[in-house]
Structures are given as C-alpha cells and as structure tokens.
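Here the structure is laid out as structure tokens; the discussion comes afterwards.
Residue numbers (UniProt numbering): 1 to 313.
Listed below in structure tokens is the structure:
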C-alpha cells in the first residue's frame with residue numbers, strides 16, 4: 001500500500017507583513033502534526049503578500065511616485081531564500097515531518113519573483129519554482145521564471161511538482177510536468193472562482209495525478225481599511241476554496257471557503273497506475289509521431305559571464 005495524508009493550509013497574508021504572516025503559519029504547527037500529513041501545500045504569495053487591487057501607480061506611458069514607494073514597501077516585505085523566514089519554515093517541516101510547498105515573493109536583487117518553495121523535513125529547502133508567466137498586471141511587479149526551475153521532487157508523499165495559479169492553464173507546462181512523472185500536483189493560488197475548481201478537477205483527471213490546491217483567504221477592503229477600485233467594499237478579496245482531488249477527478253476534501261483552516265485527505269498513490277490504465281497523457285495516449293514538445297531547461301540570467309579568450313597570432 002502507498003497510503004499517505006496530504007493537506008492544504010488555507011490562510012492569508014497578514015496585513016502587518018511577513019513576520020505576522022509567518023507567526024500565523026507557525027500557529028498551525030500542532031494541527032499539521034496531528035493530521036499526520038506528509039505534504040502540506042500553502043497558497044501563492046503567502047509570504048510577501050498578494051496585493052489584490054493595487055496598481056502600483058502605473059499608467060500607460062508613465063509611473064506615479066507613490067507607485068514607486070508602494071513597490072519599495074512590497075520589495076522590503078519579500079523574502080530572501082537564505083533569510084530567517086525560510087529557515088523558520090524548514091524548522092516547521094522538520095518538527096512536523098511534513099514536506100512543505102509554499103508560495104512566496106522571492107527577492108533577487110531588485111527583481112521579485114512569485115515562487116513556490118519545496119522544503120523537506122530532513123534537507124530543508126530542496127527546490128524552487130519561479131512562476132513562468134505572471135498574469136495581467138502581476139507583470140508590473142514580478143519577473144518571469146525560466147525553464148531551470150521546473151522541478152519534480154521526491155518526497156515521502158510521492159513525486160511532487162508545482163504550478164502557480166494561472167500557470168495551471170498552460171497546456172505545455174502541464175505536459176512537461178506530466179513527463180517528469182508528477183504524482184501529486186501542488187497548486188498554490190489566489191483564484192477563488194468556481195471555474196478554478198473545475199480546472200483542478202480537470203488537471204487531476206488529465207494528468208491522472210492527485211491535486212492539492214491551496215488558496216489564500218483575505219478579508220474585504222472595508223475590513224482592511226482600504227480601497228479596491230471596482231471591487232465591492234464588503235466582499236472578501238479572496239474567499240479561499242482549497243481542495244484535494246483524486247486522479248479520476250473526484251473531490252476528496254474541500255473546498256473550504258471564507259475561513260482559515262487545514263484541508264486534509266488520505267490518498268493512495270497506487271491509484272495513479274490504475275487511473276492511467278486507460279489514459280496516460282505522455283505515455284500510451286500520446287502521439288509522438290504527430291506531436292512533440294521540446295523543453296528548454298537552460299538558466300537564462302540577464303547577464304552571463306564567460307572567460308575572455310585572447311586571439312593568438
């Protein structure tokens with residue numbers, strides 16, 4: 001048998017910043033331990049924040065000074081991969097025995113990335129995935145990841161990979177992760193809509209894998225004492241909807257709405273082979289004679305240094 005427990009921690013970024021958010025995460029330690037979860041997935045941009053409704057002072061052709069101040073504050077609230085927040089998460093993973101996949105805003109110089117971190121109970125931070133394509137005006141504040149951070153990681157729960165929010169709608173990215181043998185698909189998100197839940201069921205059914213979707217919860221603009229243009233003042237900014245889905249598209253736990261909490265389910269990864277009996281998207285159901293996907297996993301830094309070679313006479 002290959003039974004294990006997996007969970008989604010539904011929680012929101014604290015308006016007081018990353019230290020308060022980290023405290024909120026750590027307050028769930030006993031519940032995580034009691035659940036016996038081998039894997040806990042946490043939402044997109046949880047540490048660092050998802051400033052829904054903000055425009056960072058950008059207009060077509062120019063930027064407002066207050067937007068630069070907003071970005072500086074956002075940058076200050078981001079996390080460094082060798083910083084104390086990641087160390088604290090590694091400690092949480094070690095104490096609970098759960099692999100953690102969590103969405104953070106990663107600071108890399110002046111550039112910010114929407115990143116999913118993979119933390120192992122024994123090895124600490126073992127991998128990261130940077131969001132390949134920020135959606136809409138997210139592109140104002142986040143850089144694009146490249147093909148070098150698309151890991152599938154061995155864990156006690158199974159082989160895990162991550163797609164962040166609308167990356168889950170990228171068919172070729174999904175195909176690449178399927179080809180890497182993902183068994184448990186981790187989906188940190190801030191998408192609260194019903195159509196998102198349909199997508200989670202579709203990916204589980206298409207990839208014949210388990211899906212753990214972890215969504216933030218955020219109160220209404222009125223509760224936060226702020227404005228969000230075009231958004232009802234008394235409607236929650238993000239309502240949650242975290243859920244766990246089996247490899248035939250069946251909902252195993254959730255969706256949880258309008259509150260923080262731990263959504264857990266016992267899964268059997270042995271079900272994956274049975275599910276792929278009649279559909280394996282990169283195996284017997286593929287048509288490599290017609291279709292082929294080529295994936296470039298080369299790191300793409302903005303500047304690459306190479307040794308200087310002097311011409312010889």
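Think of the CB as a built atom: it goes at the ideal place given N, C-alpha and C, for glycine as much as any other residue.
Counting only the same chain and skipping the five closest in sequence on each side, list residues whose C-beta sits under 7 Å from that of residue i.
i: residue 18; result: 47, 48, 77, 79, 85
i: residue 35; result: 5, 7, 262, 264
i: residue 37; result: 5, 6, 7, 98, 264
i: residue 146; result: 299, 300
i: residue 213; result: 8, 187, 189, 200, 242, 243
i: residue 304; result: none
Tell me, which residues are paired with residue i by DSSP?
i: residue 118; result: 101, 127
i: residue 218; result: 238
i: residue 112; result: 107
i: residue 42; result: For residue 42, which the question treats as bridged, DSSP gives no partner whatsoever.
i: residue 261; result: 10
i: residue 58; result: 63
i: residue 256; result: 242
i: residue 251; result: 245
i: residue 303; result: In the DSSP output, where bridge partners are listed per residue, residue 303 has none listed.
Can you give the beta carbon distance from residue i to residue j, rounded, assuming they're within the 8 Å contact cut?
i: residue 174; j: residue 255; result: With a Cβ gap of about 21 Å, residue 174 and residue 255 do not count as contacting.
i: residue 120; j: residue 93; result: 7 Å
i: residue 241; j: residue 271; result: The pair is not a contact, with the Cβ atoms about 24 Å apart (cut-off 8 Å).
i: residue 200; j: residue 133; result: Between residue 133 and residue 200 the Cβ distance is about 19 Å, and since that is not below 8 Å, they are no contact.
i: residue 275; j: residue 193; result: Actually they do not touch by this definition, with Cβ atoms about 26 Å apart.
i: residue 176; j: residue 295; result: 5 Å
i: residue 162; j: residue 116; result: 4 Å
i: residue 102; j: residue 89; result: 6 Å
i: residue 129; j: residue 151; result: 6 Å
i: residue 224; j: residue 231; result: Not really, about 11 Å apart at Cβ, beyond 8 Å.
i: residue 131; j: residue 154; result: Their Cβ separation, rounded to whole angstroms, is 23 Å, which puts residue 131 and residue 154 out of contact at 8 Å.
Quick one: what does DSSP say residue i is sitting in, helix, strand or coil?
i: residue 86; result: helix
i: residue 274; result: helix
i: residue 298; result: coil
i: residue 50; result: coil
i: residue 1; result: A caution first: residue 1 carries a pLDDT of 46, below 50, which makes its placement in the model too unreliable to give a value.
i: residue 285; result: coil
i: residue 7; result: strand
i: residue 266; result: strand
Tell me which residues share the same chain as residue i and place their Cβ nearer than 6 Å to its Cβ, disregarding the 5 neighbours each side in the sequence.
i: residue 12; result: 216, 217, 218
i: residue 143; result: 111, 113
i: residue 234; result: 220, 222
i: residue 158; result: 183, 184, 269
i: residue 43; result: 103, 188, 214, 215, 216
i: residue 106; result: 113, 115
i: residue 228; result: 53, 221
Short of 8 Å in beta carbon distance, which residues of its chain neighbour residue i, apart from the five on each side in sequence? Order them along the chain.
i: residue 1; result: At residue 1, the pLDDT of 46 sits below 50, so the modelled position is not reliable and the matter cannot be decided from this model.
i: residue 32; result: 7, 9, 40, 92, 96, 98, 262
i: residue 58; result: 64, 67, 137, 140
Shorter than 7 Å from the beta carbon of residue i to some beta carbon of chain D?
i: residue 51; result: No chain D appears in this structure, which consists of one protein chain only.
Whole runs of the alpha helix (DSSP H) within the region 125-213, excluding any shorter than 4 residues
With a minimum length of 4 residues, the unbroken runs of alpha helix (DSSP H) contained wholly in the region 125-213 fall at 171-179, 194-207.
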